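Each remark here refers to the structure printed beneath this line.
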Amino acid sequence: MSSVAVLTQESFAEHRSGLVPQQIKVATLNSEEESDPPTYKDAFPPLPEKSACLENAQEPAGAWSNKIRPIKASVITQVFHVPLEERKYKDMNQFGEGEQAKICLEIMQRTGAHLELSLAKDQGLSIMVSGKLDAVMKARKDIVARLQTQASATVAIPKEHHRFVIGKNGEKLQDLELKTATKIQIPRPDDASNQIRITGTKEGIEKARHEVLLISAEQDKRAVERLEVEKAFHPFIAGPYNRLVGEIMQETGTRINIPPPSVNRTEIVFTGEKEQLAQAVARIKKIYEEKKKKTTTIAVEVKKSQHKYVIGPKGNSLQEILERTGVSVEIPPSDSISETVILRGEPEKLGQALTEVYAKANSFTVSSVSAPSWLHRFIIGKKGQNLAKITQQMPKVHIEFTEGEDKITLEGPTEDVNVAQEQIEAMVKDLITRMDYVEINVDHKFHRHLIGKSGANINRIKDQYKVSVRIPPDSEKSNLIRIEGDPQGVQQAKRELLELASRMENERTKDLIIEQRFHRTIIGQKGERIREIRDKFPEVIINFPDPAQKSDIVQLRGPKNEVEKCTKYMQKMVADLVENSYSISVPIFKQFHKNIIGKGGANIKKIREESNTKIDLPAENSNSETIIITGKRANCEAARSRILSIQKDLANIAEVEVSIPARLHNSLIGTKGRLIRSIMEECGGVHIHFPVEGSGSDTVVIRGPASDVEKAKKQLLHLAEEKCICGCFPQQTKSFTVDIRAKPEYHKFLIGKGGGKIRKVRDNTGARIIFPTAEDKDQDLITIIGKEDAVREAQKELEALIQNLDNVVEDCMLVDPKHHRHFVIRRGQVLREIAEEYGGVMVSFPRSGTQSDKVTLKGAKDCVEAAKKRIQEIIEDLEAQVTIECAIPQKFHRSVMGPKGSRIQQITRDYNVQIKFPDREENPVHSVEPQVQENGDDAGDGRDTKDADPGSPRRCDIIIISGRKEKCEAAKEALEALVPVTIEVEVPFDLHRYIIGQKGSGIRKMMDEFEVNIHVPAPELQSDVIAITGLAANLDRAKAGLLERVKELQAEQEDRALRSFKLSVTVDPKYHPKIIGRKGAVITQIRLEHDVNIQFPDKDDGNQPQDQITITGYEKNTEAARDAILKIVGELEQMVSEDVPLDHRVHARIIGARGKAIRKIMDEFKVDIRFPQSGAPDPNCVTVTGLPENVEEAIDHILNLEEEYLADVVDSEALQVYMKPPPHEESKAPSKGFVVRDAPWTASSSEKAPDMSSSEEFPSFGAQVAPKTLPWGPKR
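Be aware that the sequence shown starts at 73, since it is given in this note's numbering, and climbs by one per residue.
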């Protein structure tokens, strides 16, 4: 019994594709009749037996007889040598850097080959080129052309041989140029010269010349002959499918050129060796003579439209007739009107040929079906689906649709055409009965609006009405819109499109000019405000310009009336914004800002709310004192007055009004406010407020401490007097200004301590001197303003001072080494201060470790003298320094220091002393104090606990003060004044937790505001006493603040009790969803309107009565809310519910996209419509709830809709059945695959398995190729 192996058809096809057809001896298995499967050896021939000697081995026969060539490497290496005398660049001083290297780099980039250059002993250039063959050849040509000197030579060959040198498409010439690395120039065909010019190296020219002469010599051996043969006999000479002429060419080695049928030439051209050419000519002549004698012709009439069927694709039908009958069929040219076909051949065969001609002509037919052009695309179907069904059944039928014509052309075999025609006619008839079209005129400028953003509008209409809408492209400028589809859908789509178009015709576009600064305010945070406007005017499109464009134009588009309303609304909004954007600046002394803010921002919040303004205060770390108020003018003024009154109440602030002509205001303020700023700084930081420019007011307000205000007033009037040039004041003198320059480091010295020096100059001369501020760009510039003679005098004095400062001198003084440390500690802070104050004088102390007492000073003479005097004063202070002790209990040290040590720093500055606090004792031995709570210090009375020895205070309590005796005493008094005192306040225990606040925020805020410590007793003590510890000055304010908070909390408690009134309402649970409303809308409205909380029973809680609704709030409000709920219940009790059977197939259409359609119906008829859930027992049952008359009307409406939609559903289902492809009656039998017998894998175990290591069983594919040795060693 033979073994059978099964292969899949795919794997067999793969194997089979590699074999020559003659070698395939395997019989194809037919599905109807099966023969024995082939053997494995027949299907897969074995490899040839290995010969004893590889060199003398004969060609093996069989399927594997083709020689297998060894695989060549794709990368090759060649070495070129350029002798010294032929080198173009002989200067090798800059080898690898010169022109030669650049050329090599260019060649590598252009060809992709790798070049390596080296210099031989004879100064010749060796170039190694590696890469793919074509890259190496191109690189070689470039090297020769660009690195080697060029010679030229000419070679003469016959003109007719030139084309053989060029070759087909110039390939031969290119190959020759690459091989020889030369440039070969061949004269043009119109040039009579036969000289070919070769340019290149001497060696290359010789090679190229030899090759050209070889090509010419080869052509000399060949001959050309032309034979005149009547055109009618050319088919007989060529033979069917050109087989006869092919055989002659192969046998004789002659090239025979027969002109094609389309070319009206009779000569046949022969090219080849003379002897073989003669044989070929003789054979052709013989065929021609024989056919001329034996053949005859007949002419027949065949319709012009059928000629192409006789010719067949690519003339195959004519060749077929010629092959079968030996008769040539001559067809008139396509541009000829003749219908005569001539048959030429032997008489006995003409009949058969004629039969075949008529059979071919009548095998195909052309037919047409009448169909309106607008139906063509429906016949074709989506992506050609409908048409594909016909063409798949009848692939030989060609169906042609011509645009604009009301017909469809069919072409193909007669039977198939008839079947296809019937199918298309049935399709056309069906479409005409159920399809319609309409054309409407809409101005093309509205087309893009009809389409909508990303086609939203037009796609919605298409989907909703199941129609096709064709809107012409903008380039056509056409107004015609075509709608095709279901007749009812077409009419509805037409109506909607015309409505949209008429609405657009009524639309207008309006540009509204709104300052860009208001755009963000109108849009609002996250677009909230603009959304409100759009909701108010939904038909108006509002477009704001891109912020980058800096445009003020806002575009409105929509119905004329709506646009006008929206314009008025937005203009009013802008007017309000303009009115509310008035801004004024109020200068307030920095120390009073926190009082204006108030505790927890209470004061500023109250001013903002009552004045309806926006108030911006400068940052805490900013030097600015200006508070900016924005809003309506009147409101801003009111807020300003209130803020100024707070400042006035808190300090001894005086306010004086001075009348100065408005025209002098700008000159008094000075460039960038320099002049007025100098007066304000000089007069202790008073605030001088000028009226708004253009107001016409002459009143200037000066505000500050009374003494400073008077001083500022005097200076301001004096300055105004100097500026006056038109007799407003008794003395009429013109103001004069001069600028002088001095190094910035001299400025402090020129001003002097506390401004003493500069004040002396001003008092002597009467001129005002203005120094630059830190913000000024030019820091060297000093401005002098006043009467001319005063200015000149001040200028003279200042220039003398500056000149003295420029004269650098060096001096020295003696300072006891024990005081040196005081000057150099803290990175020489004292020395830095001296240098800043005295014009940058340099003070050098001897190095540490040396016992020298000599100190060197270098700088301007006056500065050095002043610095010496200052150092002497410091030494005197140090020598007069004493140290005293101040005993304050350690528990108060932190409080005495203040936040970040600010209080101590202030005392050290004020009294020029040094204060040292003792190290903190973690567990004091003598301490008997209780632990202090986190939110405040212990509620002691400020006195220390009695020690065992009352005369010796603890070391941890002693603070050391160093400085002059009188200063130390004053500092001690100041420190003792900072020791906190404790008072007690009665606060009901139940309010303590509210005073502490969430995570202690409330008590922390009070402690920060009043700068005290507040101690609340622990909850378990149940005490009503709260202790306040702090400075005596702060305690009264803190106590008042705490009692105020207690009053607020008690008022809140009373209000909470009133708000806790509860009222229950009994309502049937079935009405609960209606009272709650969609997404809680109804119940939320009641809650907000009556300010109550409404609680519905928990459905999952069985113990809770399900009909009880609890209302919590003020008694009056709860009753109003109850009445509102009962009113809704009353309305609901009048309602009825009815079930309507509604075909489930139309539910989706009635509901509409996202429930839009059903919501519209519910709103229109004021009813509630509920559709069954998926999986409901009755999928057709729909419940309608509402007032009886509304329910009836709603039911009638939805039943009408059902009837309308159901017709569409039935038609759609019928069409789907028609569209479905017929089910396959018989499924194809599974493929058995390719079957072979006697396969090795099915052999019995007795057979020996092949030895995989044996060269007999597995012969090699050829001799081993020895590795190629590279001239430059192995590749790296």
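The C-beta atom is built at its ideal place from N, Cα and C for all residues, glycine as well. In this text, all values refer to a predicted model and were calculated from it rather than measured experimentally.
Here's a check: name, in chain order, each residue in its chain whose Cβ is nearer than 7 Å to the Cβ of residue i, leaving out the five neighbours to either side.
i	result
F762	H737, I741 and V772
I330	H306, I309, A310, V317 and I340
K1037	V954
R580	K632 and V635
T1138	D1179 and Q1180
G417	T367, T397, G398, V399, S400 and A425
D1013	The pLDDT assigned to D1013 is 43, lower than 50, so where the model puts this residue is not dependable; a value taken from the coordinates is nonetheless given after this. Cβ neighbours of D1013 beyond the five flanking positions: T1054.
I1075	N1007, I1067, I1068, G1069, I1086 and V1088
For residue i, which residues from the same chain have a beta carbon less than 8 Å from its beta carbon, with the 5 sequence-adjacent residues on both sides left out?
i	result
H1162	G1185, N1189, T1190, A1192, A1193 and A1196
R899	none
L886	D925, K926 and V927
I718	F664, N667, I668 and N675
R975	V968, M969 and L1050
I496	V441, A443, I451, I462, I471, I480 and L482
L1271	V1212 and L1214
Assuming residue i and residue j form a contact by the criterion Cβ under 8 Å, report the distance between their Cβ atoms to the nearest whole angstrom.
i	j	result
L248	I256	6 Å
I585	I594	At roughly 13 Å, the Cβ-Cβ gap does not stay under 8 Å, so I585 and I594 are not in contact.
A711	I701	5 Å
Relative to the C-alpha of residue i, which residue among the options is closest?
i	options	result
I383	E428, E420, K251 and C884	E428
E297	H470, E392, E290 and A352	A352
P1025	G527, E957, V968 and Q378	E957
E1058	V1097, R1076 and L552	V1097
N667	I715, C708, K640 and V646	I715
H379	K231, I356, Q424 and A431	A431
P617	D583, E604, E753 and E1210	D583
T980	P559, H965, K933 and A1043	A1043
Q1178	T368, S1136, N1085 and R1159	S1136
V401	N388, S408 and I409	N388
I403	Q391, V227, S916 and A907	Q391
P419	A778, G276, K363 and L1121	K363
Q643	Q1125, V658, E319 and Q627	Q627
I625	E600, D1268 and R589	R589
S377	V413, P1145, Q787 and I359	V413
S1132	L1114, I1148, N1165 and I1147	N1165
Name the DSSP bridge partner or partners of residue i?
i	result
P631	E579
Y509	E556
N1165	T1184
K678	Answer is none; K678 lacks a bridge partner.
E957	I1032
L191	L197
E1126	None, per the DSSP bridge assignment.
If you drop the 5 nearest sequence neighbours on each side, which residues of the same chain put their C-beta closer than 6 Å to that of residue i?
i	result
V539	I555, G557, G561, V562 and A565
L205	I148
E634	F609, E611 and V612
A952	R1036
S750	I842
K988	I1032
- Message: For the region 1208-1224 against the region 1163-1177, do three or more pairs of beta-carbon atoms, one drawn from each stretch, fall closer than 8 Å, so that the two count as touching?
- Response: Segments in contact, no.
- Task: Would you check if the region 178-188 and the region 208-215 touch, i.e. whether three or more CB-CB distances between them fall below 8 Å?
- Result: Result yes; three or more Cβ-Cβ pairs closer than 8 Å.
- Can we say the region 881-893 touches the region 933-950, given the rule of at least three CB pairs closer than 8 Å? Yes: at least three Cβ pairs fall under 8 Å.
- Item | At least 3 beta-carbon pairs within less than 8 Å: the region 468-487 vs the region 431-443 | Verdict: yes, contact present.
- Task: Assess, as a yes-or-no matter, whether the region 212-224 is touched by the region 261-281 under the definition of 3 or more beta carbon pairs within less than 8 Å.
- Result: Contact between the region 261-281 and the region 212-224 is present: three or more C-beta pairs spanning the two stretches fall below 8 Å.
- Give a yes or no on contact between the region 483-494 and the region 503-517, applying the rule of three or more CB pairs nearer than 8 Å. Flag = no, the region 483-494 and the region 503-517 do not touch.
- Query: Is the number of C-beta pairs between the region 361-368 and the region 278-286 that are closer than 8 Å three or more?
  - Reply: The region 361-368 is not in contact with the region 278-286.
- Three CB pairs or more closer than 8 Å across the region 894-913 and the region 929-937: In this structure the region 894-913 lies against the region 929-937, because at least three pairs of beta carbons, one per stretch, are closer than 8 Å.
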